[in-house]
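K.L.:
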Amino acid sequence: MKLLVTGGLGFIGSNFILRTLEKYPDFKITNIDACLPGSNLKNLPKLNKKNYTYVKGNITDKKIIDKLISKSDVVINFAAESHVDRSISNPRPFIDSNIIGVYTILEAIKKYKKKMIQISTDEVFGSLKSSSANEEFVFNPSSPYAASKASAEILVKSYITTYDCDVIITRCTNNYGPRQSPEKLIPKVILLAGKNQKIPIYGTGKNIRDWIFVLDHCDAILKILFKGKKGKSYNIAGKNEINNITIIKKILKIIGSSKELMHFIKDRPGHDFRYSLNSEKIQKELHWNPSYTFEKGLEDTIEWYIKNMKLYNDISLKEITTVSWKTR
Ligand SMILES: NC(=O)c1ccc[n+]([C@@H]2O[C@H](COP(=O)([O-])OP(=O)(O)OC[C@H]3O[C@@H](n4cnc5c(N)ncnc54)[C@H](O)[C@@H]3O)[C@@H](O)[C@H]2O)c1
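The numbering used here applies: residue 1 is where the sequence shown begins, and numbers increase by one.
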């Protein structure tokens, strides 16, 4: 199978490429990535050149997307501006990558009659008090990031209905694991605690997310690639709802750092309190379930960052502690 993976230098895309080539060494993967925030060239070292090609390019570039999609069987679209804080200070790149980029891919898969998997997020459903969103839940995005991902989904649905395009949408909860940008909560806490630096925490730190180990997410996407039904969407949950403070305390305990490093700062605007997905559909129809417990996943993650600290040497502590929704 010839896969076009977009955004493969980012967190989930790079893990997906490594996982896929490990499980299916005969697959050929082309990765297009524009090296934007979230990317790290060092995320994919030493891959076999025969079955992996990297193209530096933007998914909004019609010419390059047309060429790559015409030569692929399936495109899996991970590429996106993904940091909510950045979307508050400057929404424009989110509109470009997350909406125009998806439009560009849709036009190409329509033209060449190819299959697409659009990687979306639980954030399209907004903050939920107690319920868990199933696939039919109403969208209620809060941030420009979430709104751009919801817009992309609506556009995808219109191409399914109007042009009979072969697209599946996946929505996942918060991922954690190796190769994530240290702007995000878990790597940020590990790296700061490792250097005995203060850890900024938004508001009360009680915001709840459902956390999934990134390889569980990758395996769910592979199941969907082989067994998912054309035109459908699948929610992917880790079934592990936990608040930020609890996660930070767990990391500090594993690393052996003091709780005194925790430092509360002003909350970001529109900070959703809780996200939650119901993923019974993928469990029942595709027999997928997360395999990592949070304890095991977190320990593996911490061990990986400690071993690979050198990948983050050129990132300044200021860069990861600055409150990006205010200053960019
Ligand atoms: N991280 C999570 O917890 C999570 C949860 C649910 C869904 N998602 C979705 O999964 C996908 C991947 O998320 P991630 O955490 O790996 O993000 P990331 O920020 O780590 O990586 C995104 C990658 O996309 C690339 N990119 C962005 N815009 C591009 C463009 N216009 N053209 C080419 N490349 C471009 C970046 O350079 C980067 O390498 C996103 O679509 C995100 O919305 C993420």
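In this text, a Cβ means the ideal position worked out from N, Cα and C, and glycines have one as well.
Please read all numbers here as calculations on a predicted model, not as lab measurements.
1. Hey, is Ser132 close to ligand 1, as in C-beta under 7 Å from one of its heavy atoms?
2. Is Thr322 helix, strand or coil when you go by DSSP?
3. Can you determine whether any heavy atom of ligand 1 sits closer than 7 Å to the C-beta of Asn240, and answer yes or no?
4. Looking at Glu81 and ligand 1, is the gap between the Cβ and the nearest heavy atom below 7 Å?
5. Cα-Cα, which of Ser158, Ser97, Ala108, Ser82 is closest to Thr121?
6. Heavy atom of ligand 1 less than 7 Å from the Cβ of Pro290, yes or no?
7. Please list the terminal residues of the continuous alpha helix (DSSP H) segment that includes Thr30.
8. Count the other CB atoms, across all protein chains shown, that sit within 10 Å of the CB of Asn15; report buried if there are 16 or more and exposed otherwise.
9. Return the chain-ordered list of same chain residues with a C-beta closer than 6 Å to the C-beta of Phe264, the five sequence neighbours on each side being excluded.
10. Whole angstroms is fine: what's the gap from Pro25's alpha carbon to Lys46's?
11. With DSSP collapsed to three states, give me the class of Glu81.
12. Would Asn48 pass as a contact of Lys28 if the rule is Cβ separation under 8 Å?
13. If contact is defined by three or more beta carbon pairs under 8 Å, each pair taking one atom from either stretch, is the segment 248 to 261 in contact with the segment 225 to 239?
14. For the pair the segment 151 to 160 and the segment 284 to 293, tell me if three or more CB-CB distances fall below 8 Å.
15. Compute every distance between the C-beta of Asp33 and the non-hydrogen atoms of ligand 1, then say whether any falls below 7 Å.
16. At which residues does the beta strand (DSSP E) containing Tyr288 begin and terminate?
17. Give the range of the alpha helix (DSSP H) segment to which Pro187 is assigned.
18. How many Å lie between Arg328 and Ala133 at the Cα?
19. With which residues is Met116 paired in a DSSP beta bridge?
20. Compute the Euclidean distance between the alpha carbons of Phe125 and Ile208, then round it to the nearest angstrom.
21. Is the CB-CB distance between Lys199 and Ile248 below 8 Å?
22. State buried or exposed for Asn196, treating a residue as buried only when at least 16 other CB atoms are found within 10 Å of its CB.
23. According to DSSP, is Ile105 helix, strand or coil?
24. If you reduce the DSSP assignment to three classes, tell me which class His263 lands in.
25. Once DSSP output is grouped into helix, strand and coil, what is the label at Arg328?
26. For Val5, which beta-bridge partners are listed by DSSP?
27. Pull up the distance between the alpha-carbon of Gly101 and that of Pro141, whole angstroms please.
28. Closer than 7 Å: is that where the CB of Phe11 sits relative to any heavy atom of ligand 1?
29. Where do the N-terminal and C-terminal ends of the alpha helix (DSSP H) with Asp216 fall, by residue?
30. Measuring CB to CB, does Lys206 end up less than 8 Å from Asn174?
P.N.:
Answer, in terms of the structure:
1. No, since every heavy atom of ligand 1 falls outside the 7 Å radius drawn around the Cβ of Ser132.
2. Coil, per DSSP.
3. Relative to ligand 1, even the nearest heavy atom lies 7 Å or more away from the CB of Asn240.
4. Within the cutoff, so yes.
5. Out of Ser158, Ser97, Ala108, Ser82, Ser82 has the C-alpha closest to the C-alpha of Thr121.
6. No, ligand 1 has no heavy atom inside 7 Å of this Cβ.
7. Here Thr30 belongs to no alpha helix (DSSP H); instead the beta strand (DSSP E) covers 28 to 33.
8. Classification of Asn15: buried, given that the 10 Å Cβ count is 16 or more.
9. Here the set comprises Ile201.
10. Approximately 15 Å, taken between the alpha carbons.
11. In the structure shown, Glu81 sits in coil (DSSP, three-state: anything other than H, G, I, E or B).
12. No, they are not a contact pair.
13. Short answer: they don't touch.
14. Contact between the segment 151 to 160 and the segment 284 to 293 is absent, with fewer than three C-beta pairs closer than 8 Å.
15. Relative to ligand 1, the nearest heavy atom lies less than 7 Å away from the CB of Asp33.
16. Strictly speaking, residue 288 in this sequence is Trp, with Tyr absent from that position. Note, Trp288: premise wrong, no beta strand (DSSP E); not H, not E.
17. First-last of the alpha helix (DSSP H) with Pro187: 185 to 194.
18. Residue confidence for Arg328 is low, a pLDDT of 43 falling below 50, so the modelled location carries little weight and cannot support an answer.
19. In the DSSP output, where bridge partners are listed per residue, Met116 has Val75, Val167.
20. The straight-line gap from Cα to Cα measures roughly 14 Å.
21. One point to set straight first is that residue 199 is Ile, not Lys, in the sequence displayed. With respect to the 8 Å criterion, Ile199 and Ile248 are classified as neighbours on the basis of their beta carbons.
22. Asn196 should be labelled exposed.
23. In the displayed model, Ile105 falls within a helix according to three-state DSSP.
24. Assignment of His263 by DSSP, reduced to helix, strand and coil, places it in the strand class.
25. Its pLDDT being 43, under 50, Arg328 is placed unreliably by the model, and nothing is read from it.
26. Bridge partners of Val5: Asn31, Ile76.
27. Distance between the alpha carbons of Gly101 and Pro141: 19 Å.
28. In this structure, Phe11 has its CB closer than 7 Å to one or more heavy atoms of ligand 1.
29. Going by DSSP, Asp216 is part of the alpha helix (DSSP H) stretching over 214 to 227.
30. No, the pair does not count as a contact, with Cβ atoms beyond the cut-off.
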